[in-house]
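With my numbering as the guide, the letters of the sequence shown map in order to residues 13 to 268.
Glycine included, C-beta positions come from ideal geometry on N, C-alpha and C.
For clarity, every value in this text was computed on a predicted model and none was experimentally measured.
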Amino acid sequence: MTIDTSQPPLRDARQVADFRPNLILGEHSLCPGCGEPVALRILLEVLQELDIVQRTIGVVGHGCYGSFVRIMDVDVLQCLHGRAPACATGIKRVRPGVAVFTLQGDGDMANEGLQEVLHAAARGENITCVMLNNGVFGDTGGQQTATTVLGQRTKTSVEGRDPAAHGYPIPVADLVAGLRGVGYVARGAVSNAASVLQAKRMIRRAFETQLAGGGFSLVEILTMCPTGWFVPTAEGPTYQHDTMEATYPLGELVTP
Ligand SMILES: Cc1ncc(C[n+]2csc(CCOP(=O)(O)OP(=O)(O)O)c2C)c(N)n1
Ligand code: SF4
Ligand SMILES: [Mg+2]
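Here's what the structure looks like:
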C-alpha cells in the first residue's frame, strides 16, 4: 500500500477546531473520562463571555481540580481544605468590585468545610461557590465522602454505602437553598452535551447574581470520576446518570 503524503496525518485531520479555551494554558493531568476538566472549561467560558476575567479572583480548594491552578489564566489562590468560602468572603469584602468564586469538591466543601459554605450562605456573602460533586475523595484514592450516594462503592465502602453503617448522603445544594440570604442555587451535571449546556447557564446565572449584588450563589456540578467509581471510563456518564443524578436531581433551587 502506498502512503499519500499530500494528506495530513489522521490525528491532525480529525482536529477540526481548536477546542481549548484560551484561558486554559496547558494540558490537564486528570484521568481520562474525568468530569472536572469539563466543569473548568465551562466556568472559564462564562468568565470570558461575561468579560470579567480581568476582575475575577478564584479560591481553589484541595482535590484533583486543585491542579487547575497551574493551567488556568485567572487570578487564583489556594487555601486550606474547606476554607474557600471564608477566604472568598475576605477577598470580596476587601475588593467588592471583583467577582469572587470558589472551586471546591464534595470532599473539600461537604466534609472538610461544610460549616464554611453554610455560614457564608447564611451571611448572604456576595460570592459564587462552585462544588464539583463526584461522591468521592478522588485525589486521595476514592474514599467515601458526605455526598456518596447509597449503594455507591468506594475505597472505604467497598460493599456500597449502607445508611446503617455510613449514614445518609448530604445534599449540599438543598441545604444551602434552605437558608435565607441566598441569591441563586442550582445543581447541574456534565454527563452529556445537554447537561453541560445547562450547567454552563447555571454558572452564568450565579455570576450574574453576584454582579447584580444579589447575594450568595452556589452551583453544585455532578462530575464523573470513573477511577473512583470502579467503572470503565466510557461508562462514567451512564453511571453518573443512573446513580448520582437519581439522588441529586438537576435544576435551579433558588433564583433571583
Ligand atoms: C486537613 C486535610 N484533610 C484531608 C487531606 C487529604 N486530601 C487532600 S485532597 C483530598 C480529596 C478532596 O476530595 P474532593 O474535594 O472531593 O476532590 P476530588 O479529588 O474528588 O476532586 C483529601 C481528602 C489533607 N491533605 N488535609
Ligand atoms: S480520580 Fe476521579 S476526580 Fe480525580 S482525576 Fe481521576 S477521574 Fe477525575
Ligand atoms: Mg470529590
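Discussion item. By alpha-carbon positions, which one of GLN156, THR140, ILE139 ends up nearest to GLY147?
Written reply: Here residue 147 refers to the residue found at position 135 when the sequence shown is read from its first residue. Of the candidates GLN156, THR140, ILE139, the one whose C-alpha sits nearest the C-alpha of GLY147 is GLN156.
Worksheet item: Since ASP118 and ALA158 are thought to touch, with beta carbons under 8 angstroms apart, how far apart are those beta carbons, to the nearest angstrom?
Response: Taking the first residue of the sequence shown as position 1, residue 118 is located at position 106. Taking the first residue of the sequence shown as position 1, residue 158 is located at position 146. So it is a contact: roughly 7 angstroms between Cβ atoms.
Worksheet item: Under the criterion of a Cβ to heavy atom distance below 8 angstroms, does GLU283 qualify as lining ligand 2?
Response: This structure gives no information on residue 283, because the portion of the chain shown stretches from 13 to 268.
Worksheet item: How would you write the range of the alpha helix (DSSP H) that ALA100 sits in, first residue to last?
Response: For the purposes of this step, residue 100 is identified with residue 88 of the sequence shown, where counting begins at 1. Segment 96-106, the alpha helix (DSSP H) holding ALA100.
Fill in: Whole-angstrom C-beta distance between VAL208 and ILE36, which should lie under 8 angstroms
As a working mapping, residue 36 is identified with position 24 in the sequence shown. As a working mapping, residue 208 is identified with position 196 in the sequence shown. Going by Cβ atoms, the distance from ILE36 to VAL208 rounds to 16 angstroms, so no, they are not a contact pair.
Worksheet item: Is it right to say TYR180 is buried, meaning 16 or more other beta carbons lie within 10 angstroms of its own, or is it exposed?
Response: Looking up residue 180 in the sequence shown gives position 168. It is exposed - the Cβ of TYR180 has fewer than 16 other Cβ atoms within 10 Å.
Fill in: Rounded distance between the beta-carbons of VAL71 and ALA100, thought under 8 angstroms
Here residue 100 is taken as the residue at index 88 of the sequence shown, counted from 1. Here residue 71 is taken as the residue at index 59 of the sequence shown, counted from 1. Confirmed, about 5 angstroms.
Worksheet item: Cα separation between TYR251 and VAL106?
Response: The count along the sequence shown starts at 1 and reaches residue 251 at position 239. The count along the sequence shown starts at 1 and reaches residue 106 at position 94. TYR251 and VAL106: Cα-Cα distance of roughly 43 angstroms.
Discussion item. Short of 6 angstroms in beta carbon distance, which residues of its chain neighbour LEU56, apart from the five on each side in sequence? Order them along the chain.
Written reply: One-based indexing of the sequence shown puts residue 56 at position 44. Around LEU56: PRO33, LEU35.
Item to complete: Go through the residues and name those whose CB comes closer than 7 angstroms to any heavy atom of ligand 3, in chain order.
Response: GLY75, GLY117, ASP118, GLY119, LEU144, ASN145, ASN146, GLY147, VAL148, PHE149, GLY150, THR157, CYS237
Practice prompt. Find out if the Cβ-Cβ distance for the pair ASN204, HIS131 is shorter than 9 angstroms.
Written response: Position 192 of the sequence shown, counted from the start, is the residue given in the question as residue 204. Position 119 of the sequence shown, counted from the start, is the residue given in the question as residue 131. Going by C-beta atoms, ASN204 is not nearer than 9 angstroms to HIS131.
Worksheet item: Less than 8 angstroms between the CB of THR235 and some heavy atom of ligand 5, yes or no?
Response: This structure simply doesn't include ligand 5; it includes ligand 1, ligand 2 and ligand 3 instead.
Worksheet entry | CB-CB length for GLU137 against PHE228, believed under 8 angstroms | For the purposes of this step, residue 137 is taken as residue 125 along the sequence shown, with counting starting at 1. For the purposes of this step, residue 228 is taken as residue 216 along the sequence shown, with counting starting at 1. That pair is a contact at about 5 angstroms.
Worksheet item: Can LEU55 be considered in contact with ligand 2, in the sense that its beta carbon sits closer than 8 angstroms to one or more heavy atoms?
Response: Along the sequence shown, read from residue 1 onward, the residue named residue 55 stands at position 43. LEU55: no, Cβ never under 8 angstroms from ligand 2.
Practice prompt. Kindly indicate the opening and closing residues of the beta strand (DSSP E) around GLU264.
Written response: Within the sequence shown, numbered from 1, the residue matching residue 264 stands at position 252. Run containing GLU264: 263-266, per the beta strand (DSSP E) assignment.
Practice prompt. For MET13, name the three-state secondary structure that DSSP assigns.
Written response: Taking the first residue of the sequence shown as position 1, residue 13 is located at position 1. Since pLDDT at MET13 reaches only 42, below the 50 mark, its modelled position is unreliable, and the value read off the structure follows with that caveat. In the three-state DSSP reduction, MET13 falls in the coil class, being neither helix nor strand.
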